[in-house]
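So the structure is just underneath, and the comments pick up after that.
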Amino acid sequence: ITVCAKYSDYVFREEEPPILLAANVEEIKPVKFDECVRSGEPLVVGGTDAMPKEFPHMAQIGYGESPRISWLCGGSLISERFVLSAAHCTKPSNRGPAKWARLGDLNTATDSDDAQTMIARIAQRYDHPGYDAVQLYNDIALYKLEREIKLSPYLRPICLDSGDKDVKSAVATGWGHTEWGGRGSATLKKVTLNIVDTSRCNNSYASSIGRQLPDGILGSSMLCAGDQQGKDTCQGDSGGPLQIALSEPYCMYSQIGVTSFGRACGSNIPGVYTRVSNYVSWIETIVWP
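Written out as structure tokens, the structure is:
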């Protein structure tokens, strides 16, 4: 949480005061403006548009070369240099490796939105050593960016969940990029999902238990979320975050899950997420060695 508290400071925008206000020039201190954006009302089930600066950690993962980059996965900024995503996004079939991270965007179809978009090249990719493309376990990856990101109210990392809270519901965000087709949304969406207990989730995936899930859904390293109205991670991005709002540090979210896989969109079957708290020590050895 200490690193996380440091990132909370970037919610404030600093401006120099007009010189006339300062009688003694040595005493000039920048004026701080609070740029925190939080949705006051409870989130609507089914997905609503995210507001500017509400999810400043959101990333999109791109494949191919400019100007024809395909944005197919999501991710989350967790430090000035690293994006967290899903291992199945590192090298999707017939796309080549993840090459780009687009950060700070809100509406991908326009440059006139209240956003500060930047694109960084991915220099290194780290899949979890326990990931195996056939099975669906340990679906988590880190992407090291070519350069450090300059943080601001529009671009701030998310905290990593330590697993010490009992979470009943969480927010999934994304542009709806799913590797298995369907057009994404131009605007970043958010949707509230209920956490589903592991045994119920296992019942939903009983037919997959075999080659892909030989041990079923493992509660220690995976979590499930969805709701009765058939909303799930169709709204979010493969590799994107499942998060909860924190009261402390100020204006920060904590990431509890990485979007891993789901059944048909809009079914009553919950989406499955990689449980971040189970991987914090692995993440720390790479990001903050």
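The sequence shown begins at 1 in UniProt numbering and counts up by one.
For glycine and all other residues, C-beta sits at the position ideal for the given N, C-alpha and C.
Only a predicted model underlies this, so the values are computations on that prediction, with no experimental measurement involved.
The DSSP-derived three-state label of W288 is coil. A straight-line Cα-Cα distance of about 33 Å links I217 and G64.
According to the DSSP secondary-structure assignment, Q212 is paired through a beta bridge with no residue. DSSP lists V272 as the beta-bridge partner residues of F261. Taking C-beta atoms as the reference points, L142 and L103 fail to come closer than 8 Å.
Put simply, the backbone Cα of R38 is about 8 Å away from that of C251.
Scanning Q212, I149 and G163 for the CA closest to the CA of Q135 turns up Q212. Scanning its chain for C-beta atoms nearer than 7 Å, with the 5 sequence neighbours on each side dropped, one finds around I286 the residues Y126 and L142, in chain order. In the three-state DSSP reduction, W282 falls in the helix class (H, G or I). Spanning the alpha carbons of P67 and S85 requires a straight line of approximately 23 Å.
Going by beta carbons, V191 and G47 fall inside the 8 Å limit. With 16 or more other CB atoms across the displayed protein chains lying within 10 angstroms of its CB, D161 is buried.
The C-beta separation of Y10 from I140 comes to about 25 Å, leaving the pair out of contact by the 8 Å criterion. By the C-beta criterion, the stretch 239-253 is judged not to be in contact with the stretch 107-119, since fewer than 3 inter-stretch pairs fall below 8 Å. Taking C-beta atoms as the reference points, L145 and A170 fail to come closer than 8 Å.
Residue environment: T2 is assigned as exposed (fewer than 16 neighbouring CB atoms within 10 Å of its CB, all protein chains considered). Within the stretch 121-172, the complete beta strand (DSSP E) segments of 3 residues or longer fall at 141-145, listed in chain order. Secondary structure at C251: coil, using DSSP grouped into helix, strand and coil. For the 8 Å CB-CB criterion, D237 and G163 do not form a contact.
By the C-beta density criterion, G96 is exposed, having fewer than 16 other C-beta atoms within 10 angstroms.
The beta carbons of Y7 and L151 sit about 7 Å from each other, so the pair counts as a contact at 8 Å.
For the 8 Å CB-CB criterion, G271 and G226 form a contact. Rounded to the nearest whole angstrom, the CA to CA distance from S221 to V31 is 44 Å. Between D49 and the set S204, K189 and L223, the nearest pair of CA atoms involves K189. C4 sits in a helix when the DSSP states are folded into three classes.
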